[in-house]
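What follows is a single structure, written as structure tokens, with notes after it.
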Amino acid sequence: MDFEMEDVPVCDVIYQPTEKAKYNAHLSSFDEYKKLYDESIRDPESFWKKMAHETLSWDIPFQKVSSGSFQDANIKWFEDGYLNACYNCVDRHANKNPNKVAIYWEGDQTSESRSISYLEMKNEICRLANYLESIGVKKGDCVAIYMPMIPEAVYAMLACVRIGAIHSVVFGGFSDEALKDRIIDAKCRVVITADEGVRGGKVIHLKNIVDQAIESVEFVKTVLVVKRTGEPSIQMKADRDVWYHEKVSTQSKDHKPVSMNSEDLLFILYTSGSTGKPKGVAHSTAGYLLYASLTFKYVFNYAENDIFGCMADVGWITGHSYVVYGPLCNGATIVLFDSTPFYPDASRYWQVVDKALRKAGDAFPLKYDLSSLRVLGSVGEPINPEAWQWYYDKIGRNKCALVDTYWQTETGGIVITPISSVTPTKPGAATLPFFGIEPALLDPHSGHEISGNGVCGVLAIKSPWPSITRTVYGDHERYKMTYFTQYPGYYFTGDSAARDSNGYYWIRGRVDDVINVSGHRLSTAEIENALINYPECAEAAVIGKPDEITGQSICVFCILRNPNIDKEKAKTDIIKQVRKSIGPIATPKSVYLVPDLPKTRSGKIMRRLLRKIVSGETNFGDLTTLSDPSIINKINIIVSQ
Ligand code: 6R9
Numbered sequence: 306m307d308f309e310m311e312d313v314p315v316c317d318v319i320y321q322p323t324e325k326a327k328y329n330a331h332l333s334s335f336d337e338y339k340k341l342y343d344e345s346i347r348d349p350e351s352f353w354k355k356m357a358h359e360t361l362s363w364d365i366p367f368q369k370v371s372s373g374s375f376q377d378a379n380i381k382w383f384e385d386g387y388l389n390a391c392y393n394c395v396d397r398h399a400n401k402n403p404n405k406v407a408i409y410w411e412g413d414q415t416s417e418s419r420s421i422s423y424l425e426m427k428n429e430i431c432r433l434a435n436y437l438e439s440i441g442v443k444k445g446d447c448v449a450i451y452m453p454m455i456p457e458a459v460y461a462m463l464a465c466v467r468i469g470a471i472h473s474v475v476f477g478g479f480s481d482e483a484l485k486d487r488i489i490d491a492k493c494r495v496v497i498t499a500d501e502g503v504r505g506g507k508v509i510h511l512k513n514i515v516d517q518a519i520e521s522v523e524f525v526k527t528v529l530v531v532k533r534t535g536e537p538s539i540q541m542k543a544d545r546d547v548w549y550h551e552k553v554s555t556q557s558k559d560h561k562p563v564s565m566n567s568e569d570l571l572f573i574l575y576t577s578g579s580t581g582k583p584k585g586v587a588h589s590t591a592g593y594l595l596y597a598s599l600t601f602k603y604v605f606n607y608a609e610n611d612i613f614g615c616m617a618d619v620g621w622i623t624g625h626s627y628v629v630y631g632p633l634c635n636g637a638t639i640v641l642f643d644s645t646p647f648y649p650d651a652s653r654y655w656q657v658v659d660k661a662l663r664k665a666g667d668a669f670p671l672k673y674d675l676s677s678l679r680v681l682g683s684v685g686e687p688i689n690p691e692a693w694q695w696y697y698d699k700i701g702r703n704k705c706a707l708v709d710t711y712w713q714t715e716t717g718g719i720v721i722t723p724i725s726s727v728t729p730t731k732p733g734a735a736t737l738p739f740f741g742i743e744p745a746l747l748d749p750h751s752g753h754e755i756s757g758n759g760v761c762g763v764l765a766i767k768s769p770w771p772s773i774t775r776t777v778y779g780d781h782e783r784y785k786m787t788y789f790t791q792y793p794g795y796y797f798t799g800d801s802a803a804r805d806s807n808g809y810y811w812i813r814g815r816v817d818d819v820i821n822v823s824g825h826r827l828s829t830a831e832i833e834n835a836l837i838n839y840p841e842c843a844e845a846a847v848i849g850k851p852d853e854i855t856g857q858s859i860c861v862f863c864i865l866r867n868p869n870i871d872k873e874k875a876k877t878d879i880i881k882q883v884r885k886s887i888g889p890i891a892t893p894k895s896v897y898l899v900p901d902l903p904k905t906r907s908g909k910i911m912r913r914l915l916r917k918i919v920s921g922e923t924n925f926g927d928l929t930t931l932s933d934p935s936i937i938n939k940i941n942i943i944v945s946q
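Numbering-wise, the sequence shown is residues 306 to 946 according to this note's numbering.
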């Protein structure tokens, strides 16, 4: 494995849970967390049985709690139970508290906002469910959702779930080519989109992008279009495209949810791996919903009338678990945010700790009354101690809990985190595992577990938990290979971590070829594949370069077929090519045109050396396998120009 172990952090700063963080606490003490955690590991069957009965409403209760193993990659939870996730997230709350606000929607302009009650949400979802059934969508079908952060995106997800269809939400920042690949992979016959999205004052032409994506995809029969901006030039293709407001509002507001088996798939969500094309990470119904719901309740210490704002887009797993499923399953009021942190200025999204935001100065958050906040969260990439401290002091005013939550698309919910009401925190540490999660640090080479504290290793998890992904959609072999083969008997996260002297976990970052740009996962292989489509590119290598603002940025090394062409134009074309294939989120920040790449004698690109060159390191380690050592100097000169 191509990475080097770092030192174990030493940190004397410990914050005890504040009075505010203990408000209405589900757990009264740190000892109670430890006791429950121990129970969850010692006797997972009893622990999860109790939680599943308390948390979810079942049509047919389960008898069997769990089965299967990492070795056989056949994990099942509550496998003889039946339930509907939409019923759990919507109906039961609408029946009890019909007027409670389910969604506060905040549009791109500060003047745009709406509140939607649980009953209104239920009626809208039922109408859409009836419409989808009327066009033949049925249990087990996949529906693609390519939408802005508008209430209809949540309705679309939950209407699918209500009728037993599997949703595949594709983030609105992906290009037509990326959308096309995802639609084809899941054989979606229906796409739900909007005419346009608006973010930070910029228009995103969603419907046009969908048109391009499905131009040659004949099995897409219906494109359902929500009118968001009302742009008059939108082209509707006869017999395929329909307006949401015309078709859905005329449907009945009554619909009986379809009873689903616990293990029926709830959704798929594509994410980058270390190789090739993105994988459709598949989650099943009961285990996912239970785990999203419980982590939401305990980690954020949710209390009855809280408003919960998670600023993630529903195109990512954080949007699935902590905008939609976790909070709604608890009957919470959610904030749906359809803008950016910086629009119209940096005060808009101050809640998110971000270096760029901190650079805008403390004046922005100080201007606002933040006294209603109790818990602050962070997710997606390692938060450095300085950023943590700023967030804690300036946003939390030293009174809020700050939870650095570590997890992945594949884990379905948060796996390493403080429990806001009880866990003492250290700036920069994700701290301790959630109930039912047994982390292990492994030696990357031998795969042996490293015991004790004050150690580093690759991060793995020892036994299945309810919301672990069940398969890679359509490719179960890839599922086995990616997660369970390298370290048999463990789930391998792809991250490395340290366990400090108190047993706290500090996540270090990916050890595979996954790049994390502002919390967006991209693979070097995916970007390299995109470059193959640029005719002037003979060969390319992509790495993640440390970046002060975005954590990492995309750095491309390209060998041109004809080195005499206009270099500036070539660089622009390379950037354009990646944006076209993947989308604006994958825009390379630096492009170097090089005569050759560092390779092993067997022809493998040594990305490790490229990473060292761009970060200005001079100690290149063992170079005995490098076929042409002079290349390092040549690339060094180009990079430092
Ligand atoms: C939820 C989400 C997963 C990867 C993961 C890791 C990084 C997530 C983190 C974190 C350090 C945290 N990551 N949370 N690194 N501290 N609190 O982000 O899912 O998009 O699948 O990304 O993100 O590298 O492996 P996903």
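The beta carbon of each residue, even a glycine, is placed where N, CA and C say it ideally should be.
With a cut-off of 6 Å, the C-beta of Q713 is classified as near ligand 1, since at least one heavy atom of the ligand falls inside that distance. Taken in chain order, the whole beta strand (DSSP E) runs of length 3 or more contained in the region 341-373 number zero. When the five nearest sequence neighbours on each side are left out, the beta carbons in the same chain lying within less than 7 Å of the beta carbon of Y839 are those of D878, I879 and Q882, in order along the chain.
When DSSP states are grouped into helix, strand and coil, L737 belongs to the coil group. Short note on D709: C-beta closer than 6 Å to some heavy atom of ligand 1. Annotated as proximal: A637 and Y607, with beta-carbon spacing under 7 Å. W811 is bridged by DSSP to A803. Only exposed fits K444, as fewer than 16 other CB atoms lie within 10 angstroms of its CB. The shortest C-alpha to C-alpha distance from Y596 to any of D611, D348, G631 and G578 is the one to G631. In the displayed model, P851 falls within a strand according to three-state DSSP.
Its chain contains no residue whose beta carbon lies nearer than 7 Å to that of S756 once the 5 sequence neighbours on both sides are disregarded.
In the three-state reduction of the DSSP assignment, A597 falls in the helix class, which pools H, G and I. Note on geometry: alpha-carbon atoms of V944 and S823 lie some 23 Å from one another. In the three-state scheme derived from DSSP, where H, G and I count as helix and E and B as strand, N393 is classed as helix. Spanning the alpha carbons of A835 and T498 requires a straight line of approximately 25 Å. Your pair L681 and I408 does not check out as a contact, with CB atoms roughly 21 Å apart and the cut at 8 Å.
For K785, same chain residues with a beta-carbon under 6 Å away, outside a window of 5 residues either side, are A378 in chain order. Closest option to F789, judged by alpha-carbon separation, among A765, A802, R804 and Y778: A765. The alpha carbon of P366 has as its nearest neighbour, out of Y897, T722, W382 and G373, the alpha carbon of W382. Apart from sequence neighbours up to five positions away, the residues of its chain that approach K354 with a beta-carbon distance below 6 Å are V370, ordered along the chain.
The straight-line gap separating the alpha-carbon atoms of T905 and R913 is approximately 11 Å.
The three-state secondary structure of C447, taken from DSSP, is strand. Looking at L529, E691 and S768, the one whose alpha-carbon comes closest to that of V318 is E691. Remark: the shortest separation between the CB of P793 and any heavy atom of ligand 1 does not fall under 6 Å. Approximately 24 Å separates the beta-carbon atoms of V708 and V763; this is outside 8 Å, ruling out the contact. Contact between T722 and F739 holds: their C-beta atoms lie close to 6 Å from each other, under 8 Å.
Counted as a single uninterrupted DSSP element, the stretch harbouring I430 is not any beta strand (DSSP E) but the alpha helix (DSSP H) occupying residues Y423 to S439. Around the Cβ of F605, a 10 Å sphere holds 16 or more other Cβ atoms; the residue is buried. Here the distance from the Cβ of R775 to the nearest heavy atom of ligand 1 is not below 6 Å. Approximately 34 Å separates the beta-carbon atoms of S886 and E551; this is outside 8 Å, ruling out the contact. Nearest to I488 by alpha-carbon distance, out of I514, V899, L332 and H510, is I514.
Within the region 837-906, the complete beta strand (DSSP E) segments of 3 residues or longer fall at 842-852, 856-865 and 895-898, listed in chain order.
Rounded to the nearest whole angstrom, the CA to CA distance from E831 to V530 is 30 Å. Proximity of the beta carbon of E691 to ligand 1 is not indicated: no heavy atom of the ligand is located closer than 6 Å. Closer than 6 Å to some heavy atom of ligand 1: that does not describe the Cβ of G849. When only Cα atoms are considered, G614 and S372 end up about 35 Å apart.
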